[in-house]
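For the sequence shown, this note's numbering begins at 281 and goes up steadily by one. Glycine residues also receive a C-beta, built at the ideal position from the N, C-alpha and C atoms. Only a predicted model underlies this, so the values are computations on that prediction, with no experimental measurement involved. Input: a single structure, listed below in structure tokens.
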Amino acid sequence: RESARPAIVYAPTRKDTESIAEALQSIGRVSPYHAGLSHEKRQGIQRDFQAGKLDVIVATIAFGMGIDKSDIRTVVHAALPSSVEAYYQEIGRAGRDGKFSRAILMHSYADHRTREFFIKKNYPDIKVLEGVLKKIPREGVARPEIRSSMDASTLDNALEKLWVHGAIEIDGNDEVRSLPKAWQKSYLDQQIHKEAEVSLMSNFAQNATSCRMLLFLHHFGDVSDKQEGCGICDFCLPLGSLSKSFRQPNAREQAVMVGLLKLLDLQTRSMSISKAFQNLEASLLVTDRKLFDACADTLIRQGAVTAKMESFEKDGQPIIYKSLTAVGPFLEEPNWDDYLILESQATSEVKTYAPRKSKAKSKTKTPRQGASRSKGSSQSIDEIDDPLAQKLRGWRLRTAKKEKVPAYRVFSDKTLSAL
């Protein structure tokens, strides 16, 4: 719709920006926008967008945040954002002129799994870091001489984490020394914080326990606000949502909601949603968790049940869960004409996500041209007998000394080898 433009679509990868932009070509003037484009091309796209010659930009987060246009009417996320803070900042691109704008968040459990994968990649198990640290003597060693079974990028990441948390120092000559400093707690705290950010964002996306704006206010600790709903989000005004469709509950769903209301009426305090499901499952009232969640969300939207995100700590990590409380005593069945079920939530099958195993027999593949070497076989830049490589290394060392940072922070060996 014309009223929904100009728009920004945030996509997680460059490839996604290209494919989404291509898919949207039929609705208007659309262009991808990412780091893979030349500086001149990106500047041209920005100018066209500012001038109204483009309706939609499909951008990666890093480059989409550089767009400053006051009359953006729609911001769409094509995948789960990295954190609630990031999401709040990104949707803030819309409606800076004070006029009505819309934010649409599309997400799946696969997005959560992807976020977890990158956290594990960027924050490896602490034993991995301890193994690297054992190879670094107090008197120091040249970084290229640190031998490890891991690939170069993983080793660089491990060294960076050890450096950031004070376990090692790296001078301008690329000499690495271990330091007698306790670093494990600092590292684990940061790792847990990153994992919690993903969990909180997933819960924000999946669990509409109250007005979205109130969820933002609670997340940021703003308790001074009058605490009234915004009246326009998918919780406050469900029929106004473009990405969701609702219908009246059928007889089975009505029975589940009555059962849940009666169960909560018997409780003297709030009950976790998982425990409530287990109780109704034991009574054979419902066996489909997705159907149960749809019914619970309907009661929450209608105000018959209140929900709250709570947490406890287990093995040093926060466990976040939703608790339910009945608003008042159960007297009689509700007027079902006033209740709305989220259609896709209630009718879709429950899916589990696990790595798919290929049924085909494995075949030996010829490595494609330009493919990366196997672990442990890649050359360090010091081993490459090339004048340009040595000049690049010298420039890197000089720059590192000038900026007072480890040499690999200027460019990694992998980048220099590619150059």
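- In this structure, DSSP gives Ala476 a helical state, which the three-state scheme calls helix.
- Contact between the region 346-355 and the region 379-389 is present, with at least three C-beta pairs closer than 8 Å.
- For Ser479, same chain residues with a beta-carbon under 6 Å away, outside a window of 5 residues either side, are Ile600 in chain order.
- For Glu419, the secondary structure class from DSSP, reduced to helix, strand or coil, is coil.
- For Leu413, the closest C-alpha among the options His387, Ala462, Tyr389 is that of Ala462.
- Within the DSSP secondary-structure output, Phe526 pairs in a beta bridge with Leu622.
- Note that the region 445-454 does not touch the region 552-561; fewer than 3 beta-carbon pairs, one per stretch, sit closer than 8 Å.
- Leu579 is the residue among Asn487, Leu579, His498 whose C-alpha sits nearest the C-alpha of Ala535.
- For Lys588, no alpha helix (DSSP H) encloses it; the enclosing beta strand (DSSP E) starts and ends at 585-594.
- At the C-beta level, Gln528 and Asp391 stay beyond 8 Å of one another.
- Given a length threshold of 3 residues, each whole run of the beta strand (DSSP E) inside the region 435-517 is given here in chain order: 448-450, 455-458.
- By the criterion of a C-beta distance shorter than 6 Å, Ser350 is surrounded in its chain by Arg376, Asp377, once the five residues flanking it on both sides are discounted.
- The criterion of a C-beta distance shorter than 8 Å is satisfied by Val690 and Arg676.
- Here DSSP, grouped into helix, strand and coil, assigns Tyr403 to coil.
- Here Lys400 has no same chain residue with a Cβ atom under 7 Å from its own Cβ, once five neighbours each way along the sequence are excluded.
- Scanning its chain for C-beta atoms nearer than 7 Å, with the 5 sequence neighbours on each side dropped, one finds around Gln582 the residues Asp618, Tyr619, in chain order.
- Under the three-state reduction of DSSP, Pro686 is assigned to coil, being neither helix nor strand.
- Inter-segment contact for the region 468-476 and the region 557-577 is absent: fewer than three beta-carbon pairs are separated by less than 8 Å.
- Going by DSSP, Thr578 is part of no beta strand (DSSP E) but of the alpha helix (DSSP H) stretching over 569-582.
- His392 sits in a helix when the DSSP states are folded into three classes.
- Between Thr489 and Met589, the beta carbon gap of about 6 Å places them in contact (Cβ cut-off 8 Å).
- Using a Cβ distance threshold of 8 Å, Lys524 and Leu622 count as a contacting pair.
- Under the criterion of beta carbons closer than 8 Å, Leu459 and Gly446 qualify as touching, at roughly 6 Å.
- For Ser299, the uninterrupted alpha helix (DSSP H) segment begins and ends at 294-303.
- Distance between Asp514 and Gly674, taken at the CA atoms: about 57 Å.
- Residue state for Val364 is assigned as helix, using DSSP reduced to three classes.
- Using a C-beta cut-off of 8 Å, the region 289-301 makes contact with the region 338-349, since at least three inter-stretch Cβ pairs fall below that distance.
- Leaving aside the five residues that flank Gln369 on each side, none in its chain has a CB nearer than 7 Å to its CB.
- Annotated as distal: Ile288 and Ile325, with beta-carbon spacing of 8 Å or more.
- If you ignore the 5 residues before and after Ala374, its C-beta comes within less than 8 Å of the C-beta of Ile288, Ile352, Arg353, Thr354, Val355, Ser381, Arg382, Ala383, all in its own chain and listed in chain order.
- No Cβ-Cβ contact shorter than 8 Å links Ile416 with Ile406.
- Exposure of Ile307 is indicated by the presence of fewer than 16 other C-beta atoms within 10 angstroms of its C-beta.
- CA-CA distance, Asn530 to Glu613, rounds to 14 Å.
- Straight through space, the alpha carbons of Glu320 and Phe526 are spaced by roughly 46 Å.
- Looking from the CA of Asn559, the closest CA among Asp545, Thr548, Leu540, Arg549 belongs to Leu540.
- Per DSSP, Val538 is one residue of the alpha helix (DSSP H) stretching across 531-545.
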